[in-house]
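**Student:** Have a look at this one before I ask anything.
2 protein chains.
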Amino acid sequence: MSYLPIQQLLKTAPIGTTVTVKGWVRTKRESKNAVFIALNDGSTINNIQVVSEAGQLPEETLKLITTGSCLAITGQLVESQGAGQAVEVKISSVTIYGTADPEKYPLQPKRHSLEFLREIAHLRPRTNTFSAILRIRHALAFAVHQYFNDNGFYYLNTPIITASDAEGAGEMFRVTTLNATKPPLTEDGKVDYSQDFFGRETNLTVSGQLEGELGAMALGKIYTFGPTFRAENSNTTRHLAEFWMIEPEMAFFELEDNMNLAEDFLKTIIRYALQHCADDLAFLDNRLKEEEKTKKKEEQSELGLLEKLQFVISNDFVRLTYTEAIDILINSKPAKKGQFQYEVGWGVDLQSEHERYLVEKHFKKPVILTNYPREIKAFYMKQDTESAVGARGEVFGPTVRAMDVLFPGIGEIIGGSQREDDLDKLTARMHEVGIEPEALWWYLDTRRFGSAPHAGFGLGFERLVLFVTGMGNIRDVIPFPRAPKTAEF
Amino acid sequence: MSYLPIQQLLKTAPIGTTVTVKGWVRTKRESKNAVFIALNDGSTINNIQVVSEAGQLPEETLKLITTGSCLAITGQLVESQGAGQAVEVKISSVTIYGTADPEKYPLQPKRHSLEFLREIAHLRPRTNTFSAILRIRHALAFAVHQYFNDNGFYYLNTPIITASDAEGAGEMFRVTTLNATKPPLTEDGKVDYSQDFFGRETNLTVSGQLEGELGAMALGKIYTFGPTFRAENSNTTRHLAEFWMIEPEMAFFELEDNMNLAEDFLKTIIRYALQHCADDLAFLDNRLKEEEKTKKKEEQSELGLLEKLQFVISNDFVRLTYTEAIDILINSKPAKKGQFQYEVGWGVDLQSEHERYLVEKHFKKPVILTNYPREIKAFYMKQDTESAVGARGEVFGPTVRAMDVLFPGIGEIIGGSQREDDLDKLTARMHEVGIEPEALWWYLDTRRFGSAPHAGFGLGFERLVLFVTGMGNIRDVIPFPRAPKTAEF
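From first to last, the protein sequence lines are chains A and B. Heads up: the first sequence begins at 379 in my numbering, then just goes up one per residue. Heads up: the second sequence begins at 379 in my numbering, then just goes up one per residue.
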């Protein structure tokens, strides 16, 4: 290539040589003797300072060099006289690729609200905050692929368009090519999907797990990493209609292997980000500190972003059963003072407030909860043969070999389980929850032929990016968020 | 983990130690003195041979050990006495995880047709051919991520659900949550999409390019790698309704940089597969040789699979303009003998027969064609300022800075271009081809603010997997193909 990305230029810094840099103007500052231009090409959060002597550039050129304009600059790389950067480029020539009318360009050098930037999601990657987030998102995605590749997993692209509802849960998006106004109908007035593209009703997948299990029962260890969809009408800071999921499935793994994998996986990925995104994380760490300052003292986080990430990778995750967690919650201060919004007792689905109490107040560490009540978990989870026993000897059950990994500030970041590998138990459970075994004949075939213990988990990628970037709204960690009434760009 | 994947076991081969292997029975063979079981766990195409002395295992256990059953075996790793393997495991104990009734299990140890295996896509990864394909697919995907990561590209997840038709081309799948039988209508009888989930009509993306350009104009170099969709009713060996696309976009790249990247990218990825998938490729190379033997002599390939891959990585791709290619085609034997089905002349869209003639007969090398007629290419391609000149001085035009990479047996494997970065030219072209500039206001903003030369290309991932595995049908290189009337699993 005929130019050097700024990231490489700053790393190698060939002082004294003539270099060409290309990028977008972040700021321009004029002093009596010189003009200083901060140029950024997106390869790093760091700008390169470009300097021209006063009067060197024609006035009409200088006028066009405004925030957002795009330049190619050739000049000598020299040690910088000013503070804030080690090197700078002394301009010998400038090409203006594209201007950015200051009257019209929305990204002026001032603080913009995240809400405003969401409306111009096509331009926000040109800001420090969003370019940092997207580079970190890239690094995390790469670390995911590298981790699984290093550990003998095969990447399996499970289908996006599916004729089955993986968990019998969640509202789905219909995929169709039928006439929208007047779809063909059957004699009894229903839509005649036999005339649709796939010859049946199809939806966007909510999970690749069931197909992932097919892969694991042939290749041993597989993972998926692709888009999944929920047509839930939730306008929250934690939900997207389209998000990326990571779902490993492993033959011969039992619950404990699954927990070991989940913990090692998360720590390795986060360690990778700390090692490879130091500048971007430092920027976001600082951003979060500034934001925290605007909060009341008692609402401020105890740990900064970098401290929180270091903390997660250097501590063992606490592992306990759902039954033990319920005991702790029942005996907790907030429960006794009636401060929980939702009541706690064996059998309830834990709410975010409960999960966060366990992680942030009680253990102050990431937590893995296991062996949940069967009734609040999916049909495919392996049924425990022993009952759960409470602190005072109470007998509870039935439970399943589920596991949820809970993180500070996020709550559930991973949900998984050992899978039911017994054909009869699995079929019986499907009948109980109202899923037709015939509809999943291919899934049951893995239990019919060469069944084996196996396990897996799912991780919403954006939840992980939220955690690592310290952002507060999930719409800010995916380039073009999809949510109710939101599909621009 | 409490067991060693067979791939690692064969690599490290700790002779004399006690090991536990887990996997599925491929074959069982009984001799007078011993029982030989070939076990495979999907980690490699190689089986581990497990041996028990005659009479060692109870008859009722032995009966359950059939093709497809799943076992855990503990025993001593010893040097093999037989031919065909270096080591084997002398059984000391067996656990049967899951049986596979020979009367019902579809995958018996005999040759199954690819057509039959397509109907049991949930089980076909348990065969040598499909496990090899899926491991190679994994390796290629990983190599893609590694290549871009090593070269300073950021992975950008462009949206799957989109309100825009990226190229104004291709039929799309509608995504909706409206009542299927009786959708809400506006006063003039059209579907009232304002009541749909996203408040507008939405479809599955056909390309992430336009959003990819937004990323490149902020982060410098980005790539997408995700599912894309075409609702075309084509039942061919080359088309899928759902397939994975790789789309890099680079700020400051012009046409030649784009060609250099495409060539280096393809060679690096293929070289990676040769280095990391030697056993699987050797198996498929052999499979193809056997298949070729069944063909007539004149229809057999000149090169075997491995030879073909070696050939691609060790030769420069031939680069020429569309105009030069047309000259060659007009003067070719098949044109003069009237053997082409479609006539050739400046301005026509090249057919597969023409592309394959150039690649397989004329140059016998991969070919990059550039500077295509504007009228047969997409609106966003950069317009050439000079006319094309034919061999006899004829003047042709207008042309655009497009490039297509043509591969033997595949035809177009990559299509790309430098992008039009001039706002006025781009807007004028959109009007000409009937695309409302207002609908793509955000796309045009990249030309309005800080425009720059940039380029990119698209690669259908399954086409690459087809090429590297030597398979003939694209439905055999994706785990669960989606095509007209095909959405099982």
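Ideal placement from N, C-alpha and C gives every residue a C-beta, glycine not left out.
At 4 residues or longer, what runs of the alpha helix (DSSP H) sit wholly inside the stretch 572-634 of chain A?
**Tutor:** Counting only runs of 4 or more, we get 587-597.
**Student:** Residues in the stretch 535-567 of chain A with C-beta within 9 angstroms of chain B's C-beta atoms, listed in sequence order?
**Tutor:** Against chain B - using a Cβ distance shorter than 9 angstroms - the residues of the stretch 535-567 of chain A are N535, T536, P537, I538, I539, T540, A541, S542, E549, M550, F551, R552, V553, T554, T555, L556, A558, T559, P561, L563, G567.
**Student:** With a threshold of 16 other CB atoms inside 10 Å of the CB of I624/A, please say whether the residue is buried or exposed.
**Tutor:** Locating residue 624/A in the first sequence gives position 246, where the first residue counts as 1. Label assigned to I624/A: buried.
**Student:** Kindly list, in the order they appear in chain A, the residues whose Cβ is closer than 7 angstroms to that of C448/B.
**Tutor:** Along the second sequence, one-based indexing puts residue 448/B at 70. Simply G828, S829, A830.
**Student:** Measure from the alpha carbon of D823/B to the alpha carbon of each residue in E589/B, L485/B, C448/B, then state which is nearest.
**Tutor:** Your numbering for residue 823/B matches position 445 in the second sequence. Nearest of E589/B, L485/B, C448/B to D823/B, Cα basis: E589/B.
**Student:** Ignore the nearest five residues each way along the sequence and tell me which others in G836/A's own chain have a CB closer than 8 angstroms to its CB.
**Tutor:** Position 458 of the first sequence, counting from 1, holds the residue named residue 836/A. Here the set comprises S585, Q587, M623, I624, E625, I792, G793, G794.
**Student:** By alpha-carbon positions, which one of K482/B, N506/B, E753/B, K468/B ends up nearest to S491/B?
**Tutor:** Within the second sequence, numbered from 1, the residue matching residue 491/B stands at position 113. Answer by Cα proximity: N506/B.
**Student:** Of all the alpha helix (DSSP H) runs that stay within the bounds of the stretch 384-412 of chain B, which reach a length of 4 or more residues?
**Tutor:** The qualifying runs are 384-390.
**Student:** Determine which residues of the stretch 583-602 of chain A have a Cβ less than 9 angstroms from any Cβ of chain B, and write them out in chain order.
**Tutor:** Listed by position along the chain: L588, E589, L592, G593, A594, M595, A596, L597, G598, K599, I600.
**Student:** Tell me the DSSP secondary structure of A865/A in three-state form.
**Tutor:** Locating residue 865/A in the first sequence gives position 487, counting from the first residue. Residue state, collapsed to three classes: coil.
**Student:** Between the stretch 562-573 of chain A and the stretch 653-666 of chain A, are three or more C-beta pairs nearer than 8 angstroms?
**Tutor:** Touching, no.
**Student:** Can you name the start and end residues of the alpha helix (DSSP H) that V726/B belongs to?
**Tutor:** Within the second sequence, numbered from 1, the residue matching residue 726/B stands at position 348. Careful: V726/B lies outside any alpha helix (DSSP H) and carries neither H nor E.
**Student:** Within the same chain, show all residues whose beta-carbon is closer than 6 angstroms to that of D782/B, passing over the 5 residues directly before and after it, in chain order.
**Tutor:** The residue you call residue 782/B lines up with position 404 of the second sequence. Same-chain partners within the cutoff: L747, E790, G793.
**Student:** Based on Cα-Cα distance, which residue from E466/B, S470/B, I443/B, F494/B lies nearest to A478/B?
**Tutor:** In the second sequence, counting from the first residue as 1, residue 478/B sits at position 100. Closest by alpha carbon: I443/B.
**Student:** First and last residue of the alpha helix (DSSP H) that includes I706/B?
**Tutor:** Translated into the one-based positions of the second sequence, residue 706/B becomes position 328. Its alpha helix (DSSP H) spans residues 700-708.
**Student:** Go ahead and label H809/A buried or exposed: buried means 16 or more other beta carbons lie within 10 angstroms of its beta carbon, across all protein chains shown.
**Tutor:** For the purposes of this step, residue 809/A is identified with residue 431 of the first sequence, where counting begins at 1. By the 10 Å Cβ count, H809/A comes out exposed.
**Student:** Can we count Q796/B as close to the ligand ADP, meaning its CB is less than 8 angstroms from some heavy atom?
**Tutor:** Within the structure as shown, the ligand ADP is missing, as the structure has no ligands at all.
**Student:** Just the C-alpha distance for F839/A and Y650/A, rounded to the nearest angstrom, thanks.
**Tutor:** Counting from one through the first sequence, the residue named residue 839/A turns up at place 461. Counting from one through the first sequence, the residue named residue 650/A turns up at place 272. Roughly 15 angstroms separates the two Cα atoms.
**Student:** Per DSSP, which one or two residues make a beta bridge with Q454/A?
**Tutor:** One-based indexing of the first sequence puts residue 454/A at position 76. Paired residue(s): T396/A, K468/A.
**Student:** Taking only beta-carbon atoms, is T864/A less than 9 angstroms away from chain B?
**Tutor:** Mapped onto the first sequence, residue 864/A falls at position 486. Judged by the 9 angstroms Cβ criterion, T864/A is in contact with chain B.
**Student:** Within 10 angstroms of the Cβ of K599/B, are there 16 or more other Cβ atoms? Answer buried if so, exposed if not.
**Tutor:** Here residue 599/B corresponds to residue number 221 of the second sequence, with the count starting at 1. Classification of K599/B: buried, given that the 10 Å Cβ count is 16 or more.
**Student:** Let me confirm a value: I648/B is counted as buried when at least 16 other C-beta atoms fall within 10 Å, else exposed. Which label applies?
**Tutor:** What you label residue 648/B is simply residue 270 of the second sequence in a count that begins at 1. Label assigned to I648/B: buried.
**Student:** So, does the CB of A416/A fall closer than 9 angstroms to a CB anywhere in chain B?
**Tutor:** Residue 416/A sits at position 38 when you count from the first residue of the first sequence. Taking Cβ atoms only, chain B never reaches closer than 9 angstroms to A416/A, which makes this a no.
**Student:** For a contact defined as C-beta to C-beta under 8 angstroms, what are the partners of A609/A on chain B?
**Tutor:** Here residue 609/A is taken as the residue at index 231 of the first sequence, counted from 1. Those are T555, F575, listed as they occur along chain B.
**Student:** When Cβ atoms are compared, which residues of the stretch 509-535 of chain B fall closer than 7 angstroms to chain A?
**Tutor:** So the list reads S509, L512, R513, H516, A519, F520, H523, N527, G530, Y532, Y533, L534, N535, given in the order they occur along the chain.
**Student:** Give me, in chain order, the residues of the same chain whose beta-carbon lies closer than 7 angstroms to that of F643/B; leave out the 5 immediate sequence neighbours on both sides.
**Tutor:** Counting from one through the second sequence, the residue named residue 643/B turns up at place 265. Same-chain partners within the cutoff: Y525.
**Student:** Would you say V413/B and L440/B are within 9 angstroms of each other, going by their C-beta atoms?
**Tutor:** Looking up residue 413/B in the second sequence gives position 35. Looking up residue 440/B in the second sequence gives position 62. Yes; because the gap between Cβ atoms is below 9 angstroms, this pair is in contact.
**Student:** For a contact meaning CB atoms closer than 7 angstroms, what does E620/B contact in chain A?
**Tutor:** Looking up residue 620/B in the second sequence gives position 242. Result: P537, I538, I539.
**Student:** Compare the C-beta of Q874/B against all C-beta atoms of chain A and say whether one is closer than 9 angstroms.
**Tutor:** This structure does not reach residue 874/B, given that chain B is present from 379 up to 867, and the question cannot be answered.
**Student:** Counting Cβ pairs closer than 8 angstroms, one from the stretch 815-830 of chain B and one from the stretch 472-487 of chain A, do we hit at least three?
**Tutor:** The answer is yes - the stretch 472-487 of chain A touches the stretch 815-830 of chain B, with three or more Cβ pairs under 8 angstroms.
**Student:** For V846/B, which of helix, strand or coil comes out of DSSP?
**Tutor:** Residue 846/B sits at position 468 when you count from the first residue of the second sequence. In the structure shown, V846/B sits in a helix (DSSP, three-state: H, G or I).
**Student:** Taking three-plus beta-carbon pairs below 8 angstroms as touching, is the stretch 628-642 of chain B in contact with the stretch 853-863 of chain B?
**Tutor:** Verdict: no, contact absent.
**Student:** Compare the C-alpha of A629/A against each of R797/A, E437/A, N411/A and name the closest.
**Tutor:** Numbered from 1 along the first sequence, position 251 holds the residue referred to as residue 629/A. Here the closest residue by C-alpha is R797/A.
**Student:** Once DSSP output is grouped into helix, strand and coil, what is the label at T555/B?
**Tutor:** Within the second sequence, residue 555/B is the residue found at index 177, counting from 1. In the structure shown, T555/B sits in coil (DSSP, three-state: anything other than H, G, I, E or B).
**Student:** Suppose the cutoff is 8 angstroms on Cβ atoms and the five residues either side in sequence are ignored; what does the same chain contact list for V767/A look like?
**Tutor:** Residue 767/A sits at position 389 when you count from the first residue of the first sequence. T701, V773, F774, listed in sequence order.
**Student:** Given this structure, state the Cα-to-Cα distance separating I856/B from I538/B, to the nearest angstrom.
**Tutor:** Here residue 856/B refers to the residue found at position 478 when the second sequence is read from its first residue. Here residue 538/B refers to the residue found at position 160 when the second sequence is read from its first residue. When rounded, the distance between both Cα atoms is 19 angstroms.
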